[in-house]
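Numbering (the numbering used here), first residue to last: 16 to 219.
First the structure, in the form of structure tokens, and then the observations on it.
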């Protein structure tokens, strides 16, 4: 997971809100062109074509990515944040990890208080909370206080960042980075491997 630097909202998205005065996200879903372009804008301008939670490389295709509400938009959670730009993060489409896992599995039976212990990558820097083992496992960073350890642990679980497929991909990235370190600078390695995702693994 990496820090997401949210910028100025996509103008078409703002125009839609102003002109349509939507009552629910379904109103936005009924505008496929704006929805697709908004997802593309976030991916290109704010997330470097990476899932905002897992760092998997993803595309604009609806089978690859979707707009996730970090703070869930359902009535019992945060409906008032449905169209809040800083609450929109593009995630991969897997049910096994990422935004869908958060909504469908982790938050099941929980209340909005659960968010007290989930790291928000728009507000906080994940680099301060996580590190990786040589085998690609994500763990709480050494030296954290008790509250930060709890937040790191819950965030890992909320997005299932321990999933084996993520671990193996991170491990592969670690091995690639090792192979290039003697001949290339960090920036050169990041540029060369940028399409493979997991930038925080390279930066560690």
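Even for Gly, the Cβ is constructed at its ideal location relative to N, Cα and C.
Since we're looking at a predicted model, the values are computed, not measured.
Buried versus exposed call for residue 26 [16 or more other C-beta atoms within 10 Å across all chains shown]: Translated into positions along the chain shown, residue 26 becomes position 11. It is exposed - the Cβ of residue 26 has fewer than 16 other Cβ atoms within 10 Å.
I need the DSSP call for residue 137, collapsed to helix, strand or coil.
As a position in the chain shown, residue 137 is number 122, starting the count at 1. Residue state, collapsed to three classes: coil.
Quick check: the Cα distance between residue 31 and residue 199, rounded to an integer number of angstroms? Along the chain shown, read from residue 1 onward, the residue named residue 31 stands at position 16. Along the chain shown, read from residue 1 onward, the residue named residue 199 stands at position 184. Taking the straight line joining both Cα atoms gives about 46 Å.
Query raised in the report: With a Cβ-Cβ cutoff of 7 Å, do residue 75 and residue 88 count as a contact?
Result: Here the question's residue 75 lines up with position 60 in the chain shown. Here the question's residue 88 lines up with position 73 in the chain shown. No, the Cβ-Cβ distance between residue 75 and residue 88 is not below 7 Å.
Who pairs with residue 105 in a beta bridge, going by DSSP? For the purposes of this step, residue 105 is identified with residue 90 of the chain shown, where counting begins at 1. Note: residue 105 sits in a beta bridge opposite 82.
| Expected contact under 8 Å - CB spacing of residue 189 and residue 149 to nearest Å | Your numbering for residue 189 matches position 174 in the chain shown. Your numbering for residue 149 matches position 134 in the chain shown. About 7 Å separates the two Cβ atoms, so the contact holds.
Taking a contact to mean a Cβ-Cβ separation below 7 Å, would you say residue 21 touches residue 135 in this structure?
Here residue 21 corresponds to residue number 6 of the chain shown, with the count starting at 1. Here residue 135 corresponds to residue number 120 of the chain shown, with the count starting at 1. No. Outside cutoff.
Every unbroken alpha helix (DSSP H) inside the region 105-182 [4 residues or more]: 161-173
Discussion item. By the three-class DSSP mapping on this structure, what secondary structure does residue 72 have?
Written reply: Locating residue 72 in the chain shown gives position 57, where the first residue counts as 1. The answer is strand: DSSP assigns residue 72 an E or B state.
Practice prompt. Could you work out which residue in 183, 59, 204 and 181 is closest to residue 192 when comparing CA atoms only?
Written response: Residue numbering aside, residue 192 sits at position 177 when the chain shown is read from its first letter. The option with the nearest alpha carbon to residue 192 is 204.
*asked:* On a Cα-Cα basis, can you pick out the residue from 115, 65 and 209 that is closest to residue 17?
replied: In the chain shown, the residue the question calls residue 17 occupies position 2. The shortest C-alpha separation from residue 17 is found at 65.
Practice item. Report the residue from 113, 132 and 46 whose alpha carbon sits nearest the alpha carbon of residue 180. Key: Here residue 180 corresponds to residue number 165 of the chain shown, with the count starting at 1. Nearest of 113, 132 and 46 to residue 180, Cα basis: 113.
message: Measuring only the C-alpha atoms, how far is residue 58 from residue 52?
response: Position 43 of the chain shown, counted from the first residue, corresponds to residue 58. Position 37 of the chain shown, counted from the first residue, corresponds to residue 52. Approximately 10 Å, taken between the alpha carbons.
Count the other C-beta atoms from every protein chain shown that fall within 10 angstroms of the C-beta of residue 127, then say buried if there are 16 or more, exposed otherwise. Taking the first residue of the chain shown as position 1, residue 127 is located at position 112. Label assigned to residue 127: exposed.
- prompt: Can you tell which of 143, 174 and 182 has the C-alpha that lies nearest to the C-alpha of residue 163?
  reply: Position 148 of the chain shown holds residue 163. Nearest option by C-alpha distance: 143.
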